[in-house]
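Enquirer:
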Amino acid sequence: MTLEDFVRDHDREVFGERSSGSHSPSRLSLLRRASPQVKLKIVNSFDSIAELHRHLDSLDITDTNRLRPQWDTYFMTLADLASQRSNCMKRRVGAILVRENRIVATGYNGTPRGVKNCNEGGCGHCNQTSLTDGTECLCLHAEENALLEAGRDRVGANATMYCNTCPCLKCTIKIIQSGVKRVVYNLSYKVDEASAQLFQEAGVDIFRHVPPPEP
1 MTLEDFVRDH DREVFGERSS GSHSPSRLSL LRRASPQVKL KIVNSFDSIA
51 ELHRHLDSLD ITDTNRLRPQ WDTYFMTLAD LASQRSNCMK RRVGAILVRE
101 NRIVATGYNG TPRGVKNCNE GGCGHCNQTS LTDGTECLCL HAEENALLEA
151 GRDRVGANAT MYCNTCPCLK CTIKIIQSGV KRVVYNLSYK VDEASAQLFQ
201 EAGVDIFRHV PPPEP
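Sequential numbering of the sequence shown, starting at 1, is according to full-length UniProt numbering.
Rendered as structure tokens:
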């Protein structure tokens with residue numbers, strides 16, 4: 001298809017203009033199928049050909065990054081795609097963990113595994129209009145999720161976390177997300193009740209174990 005044929009068919013498709021020459025339904029069909037895939041649209045509203053050419057030059061249409069994106073563009077696009085999986089009521093964020101141009105893990109912000117989604121009321125902090133009651137946010141950040149997912153294989157399916165002090169709420173969230181199934185602690189902490197409630201919701205067993213005093 002020549003440029004002239006393309007312009008003629010495009011005008012016929014968009015404006016319904018009748019043009020001299022043969023009408024090619026097959027070409028029009030191809031044009032209709034291709035239209036939704038167009039990523040760059042140029043409206044020629046310029047007063048002169050010179051202005052149009054300057055605009056085209058500024059777009060750098062022949063940049064190879066348009067056809068095959070560089071690594072930073074590629075991974076940033078994937079991070080944006082990952083953010084669409086977020087269920088957070090405040091903001092959608094995505095992260096991609098990469099080593100030597102290979103994806104190690106992906107992450108997006110939201111409540112920890114096994115806990116009700118943020119957009120279903122799982123995080124009181126994100127779902128309230130006033131933040132004056134001190135409610136802590138339960139949502140993991142996208143970066144945290146990516147780092148935790150990278151280590152899930154090492155944690156395994158039935159890992160136990162031993163802490164001499166009951167985990168705080170933020171550590172509780174990360175422990176749940178990393179796949180730990182059992183937590184054992186000794187000393188109490190000010191948010192014991194909140195941590196225990198979240199562990200229970202996520203299906204993680206938590207026990208207090210006080211070692212016998214030394215003789």
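Glycine included, C-beta positions come from ideal geometry on N, C-alpha and C.
(1) Measure the Cβ-Cβ separation of Ala-95 and Ala-34 and say whether it is below 7 Å.
(2) Going straight from the alpha carbon of Ser-130 to that of Asp-80, what length do you get?
(3) From the DSSP output, read off the bridge partner residues of Leu-187.
(4) Return yes when the Cβ of Leu-140 is within less than 7 Å of the Cβ of Asn-167, no when it is not.
(5) Ala-159 and Gly-179 look like a contact to me (Cβ under 8 Å); what is the Cβ gap, rounded to whole Å?
(6) Quick check: what's the CA-CA separation for residue 219 versus Cys-88?
(7) Note down, in chain order, each residue of its chain lying with its Cβ closer than 8 Å to the Cβ of Met-161, except the 5 sequence neighbours on either side.
(8) Less than 7 Å between the C-beta atoms of Ala-202 and Gly-114, yes or no?
(9) Would a C-beta distance cut-off of 7 Å place Val-93 and Asn-109 closer than the cut-off?
(10) For Gly-124, count neighbouring C-beta atoms within 10 Å of its own C-beta (all shown protein chains included) and say buried if the count is 16 or more, exposed if not.
(11) Could you check what DSSP says for Leu-140 in three-state terms: helix, strand or coil?
(12) In whole angstroms, give me the CA-to-CA distance for Gln-177 and Asn-127.
(13) For Ala-159, does the three-state DSSP call read helix, strand or coil?
(14) Give me the Cα-Cα distance between Arg-68 and Arg-32, rounded to the nearest whole angstrom.
(15) Whose C-alpha, out of Glu-100, Asn-117, Arg-99, Gln-84, is nearest the C-alpha of Gly-107?
(16) Tell me which residue opens and which closes the alpha helix (DSSP H) that Asp-63 is part of.
(17) Within this structure, are the beta carbons of Asn-186 and Asn-164 separated by less than 7 Å?
Expert: On the basis of the coordinates in this document:
(1) By 1-based counting over the sequence shown, the position of residue 95 is 95. By 1-based counting over the sequence shown, the position of residue 34 is 34. Against a cut-off of 7 Å, the Cβ pair of Ala-34 and Ala-95 comes out as no contact.
(2) The residue given as residue 130 occupies position 130 in the sequence shown. The residue given as residue 80 occupies position 80 in the sequence shown. In this prediction, Ser-130 has a pLDDT of 46, which is less than 50 and means its spatial position is unreliable; what the coordinates show is noted afterwards. Each residue's alpha carbon lies about 29 Å from the other.
(3) Taking the sequence shown and counting its residues from 1, one reaches residue 187 at position 187. Answer by DSSP bridge pairing, in chain order: Thr-165.
(4) The count along the sequence shown starts at 1 and reaches residue 167 at position 167. The count along the sequence shown starts at 1 and reaches residue 140 at position 140. The residue you asked about is not Asn; residue 167 is Pro in the sequence shown. No, the Cβ-Cβ distance between Pro-167 and Leu-140 is not below 7 Å.
(5) Here residue 159 refers to the residue found at position 159 of the sequence shown. Here residue 179 refers to the residue found at position 179 of the sequence shown. Yes, they are in contact, since the Cβ atoms of Ala-159 and Gly-179 sit about 7 Å apart, within 8 Å.
(6) Outside the displayed range of the chain (1 to 215) lies residue 219, so it cannot be described from this structure.
(7) Taking the first residue of the sequence shown as 1, we reach residue 161 at position 161. Around Met-161: Pro-167, Ile-175, Val-180, Arg-182, Val-183, Val-184.
(8) Working through the sequence shown from its first residue, we reach residue 202 at position 202. Working through the sequence shown from its first residue, we reach residue 114 at position 114. Yes, they are a contact pair.
(9) The residue you call residue 93 lines up with position 93 of the sequence shown. The residue you call residue 109 lines up with position 109 of the sequence shown. The answer is yes: Cβ separation under 7 Å.
(10) Walking along the sequence shown from the start, residue 124 turns up at place 124. Looking at its Cβ environment, which holds fewer than 16 other Cβ atoms inside 10 Å, Gly-124 is exposed.
(11) As a working mapping, residue 140 is identified with position 140 in the sequence shown. Leu-140 falls in the strand class under three-state DSSP.
(12) Residue numbering aside, residue 177 sits at position 177 when the sequence shown is read from its first letter. Residue numbering aside, residue 127 sits at position 127 when the sequence shown is read from its first letter. Asn-127 has its alpha-carbon roughly 21 Å from the corresponding atom of Gln-177.
(13) The residue given as residue 159 occupies position 159 in the sequence shown. Looking at Ala-159 - three-state DSSP - the assignment turns out to be coil, as it is neither helix nor strand.
(14) Locating residue 68 in the sequence shown gives position 68, where the first residue counts as 1. Locating residue 32 in the sequence shown gives position 32, where the first residue counts as 1. Roughly 24 Å separates the two Cα atoms.
(15) As a first step, residue 107 is located in the sequence shown; it is residue number 107 there, counting from the start. Nearest C-alpha to Gly-107: Gln-84.
(16) Taking the first residue of the sequence shown as position 1, residue 63 is located at position 63. Per DSSP, Asp-63 belongs to no alpha helix (DSSP H) and is neither H nor E.
(17) Indexing the sequence shown from 1 puts residue 186 at position 186. Indexing the sequence shown from 1 puts residue 164 at position 164. It is a contact, given that the beta carbons lie within the stated cut-off.
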